[in-house]
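*Asks:* Sending over a structure as structure tokens; questions will come in a sec.
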Amino acid sequence: MDQTYLNIGLISSYHGDSSREDVPSPSPDSKSKYPEYCKTMVVQDSNGVMKELVFPKALDLDRPKRARTTFSPEQLYQLEREFQRNQYLVGKERTELSKNLQLSETQVKVWFQNRRTKYKRDRGREAEVSDSKAESLAACNILRILQTRAPTYPSPLLPTYAYPY
């Protein structure tokens with residue numbers, strides 16, 4: 001019997017070996033085939049197949065998600081302006097900005113983290129576009145050189161008098 005358990009976010013296989021301490025075997029009188037610390041959820045995938053997912057109960061999947069913070073246009077303007085001045089806002093500056101914008105320091109900190117990620121992603125895309133433009137320009141230049149060059153076929157590598165036959 002080969003069962004897979006999710007153990008504190010890590011997947012480990014259980015092959016019926018009761019000597020393993022990290023994955024306790026289910027008790028024989030228990031109705032569940034999973035240990036007591038597991039919670040199961042049955043879902044239907046995109047192909048209509050029912051699948052049973054196993055999670056640790058500690059994940060508390062029934063808890064509702066926190067609402068996403070919505071920033072006002074003025075807050076976004078101030079955050080962006082500060083980001084242009086300094087990408088790493090810490091200490092007293094972050095405290096003052098959070099007070100001025102009526103946001104928590106955590107909200108300001110997370111906004112700056114996300115904004116730095118976006119900045120790096122955008123710079124990477126710009127570099128890709130720049131590289132592809134440079135490659136395209138180089139290819140165009142090579143084609144132009146090849147097209148303007150007069151064909152000299154047949155053109156021997158060496159003068160004909162150099163061949164002994």
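What the sequence shown shows, in full-length UniProt numbering, is residues 1 to 165, in sequence order. From the three backbone atoms N, C-alpha and C, an ideal C-beta is built for every residue, glycine too.
Give the range of the beta strand (DSSP E) segment to which residue 56 is assigned.
*Replies:* Taken as a continuous stretch (DSSP letters only), the beta strand (DSSP E) holding residue 56 covers 50-56.
*Asks:* Measure the alpha-carbon distance for residue 52 versus residue 43 and round it to whole angstroms.
*Replies:* Residue 52 and residue 43: Cα-Cα distance of roughly 6 Å.
*Asks:* Here's the rule I'm using: 16 or more other beta-carbon atoms within 10 Å means buried, otherwise exposed. How should residue 146 be labelled?
*Replies:* Under this definition residue 146 is an exposed residue.
*Asks:* State the DSSP-derived secondary structure class of residue 39, mapped to helix, strand or coil.
*Replies:* Residue 39 falls in the strand class under three-state DSSP.
*Asks:* Return the first residue and the last residue of the alpha helix (DSSP H) that residue 70 is part of.
*Replies:* From DSSP, residue 70 is part of no alpha helix (DSSP H); its letter is neither H nor E.
*Asks:* Quick one: which unbroken alpha helix (DSSP H) runs of 4-plus residues sit fully inside the UniProt domain "Homeobox" (62-122)? Chain order, please.
*Replies:* List check, alpha helix (DSSP H) in window: 73-85 and 91-101.
*Asks:* Around the C-beta of residue 13, are 16 or more other C-beta atoms found within 10 angstroms, so that it is buried, or is it exposed?
*Replies:* Low per-residue confidence applies at residue 13: pLDDT is 35, beneath 50, and the placement is therefore not dependable, though the value from the model is reported in the following sentence. Looking at its Cβ environment, which holds fewer than 16 other Cβ atoms inside 10 Å, residue 13 is exposed.
*Asks:* Since residue 195 and residue 89 should fall inside the 8 Å C-beta cutoff, what is the C-beta to C-beta distance between them, to a whole number of angstroms?
*Replies:* Residue 195 lies beyond the stretch modelled for the chain, which goes from 1 to 165, so this question has no answer here.
*Asks:* Count Cβ pairs between the stretch 135-143 and the stretch 117-127 that sit closer than 8 Å; are there 3 or more?
*Replies:* Judged by Cβ distances under 8 Å, the stretch 135-143 makes no contact with the stretch 117-127, as fewer than three pairs qualify.
*Asks:* Is the separation between the beta-carbon of residue 94 and that of residue 109 shorter than 8 Å?
*Replies:* Contact flag set, yes.
*Asks:* Using beta-carbon positions only, say whether residue 77 and residue 54 come within less than 8 Å of one another.
*Replies:* Not closer than 8 Å, so no.
*Asks:* Which of the three DSSP states is assigned to residue 145 in this structure?
*Replies:* Of the three classes helix, strand and coil, the one that applies to residue 145 here is helix, per DSSP.
*Asks:* Out of curiosity, what's the CA-to-CA distance linking residue 50 and residue 40?
*Replies:* For residue 50 and residue 40, the distance between alpha carbons rounds to 13 Å.
*Asks:* From residue 174 to residue 37, what does the alpha carbon distance come to, in whole angstroms?
*Replies:* Lying outside 1 to 165, the shown extent of the chain, residue 174 is not represented and no answer is given.
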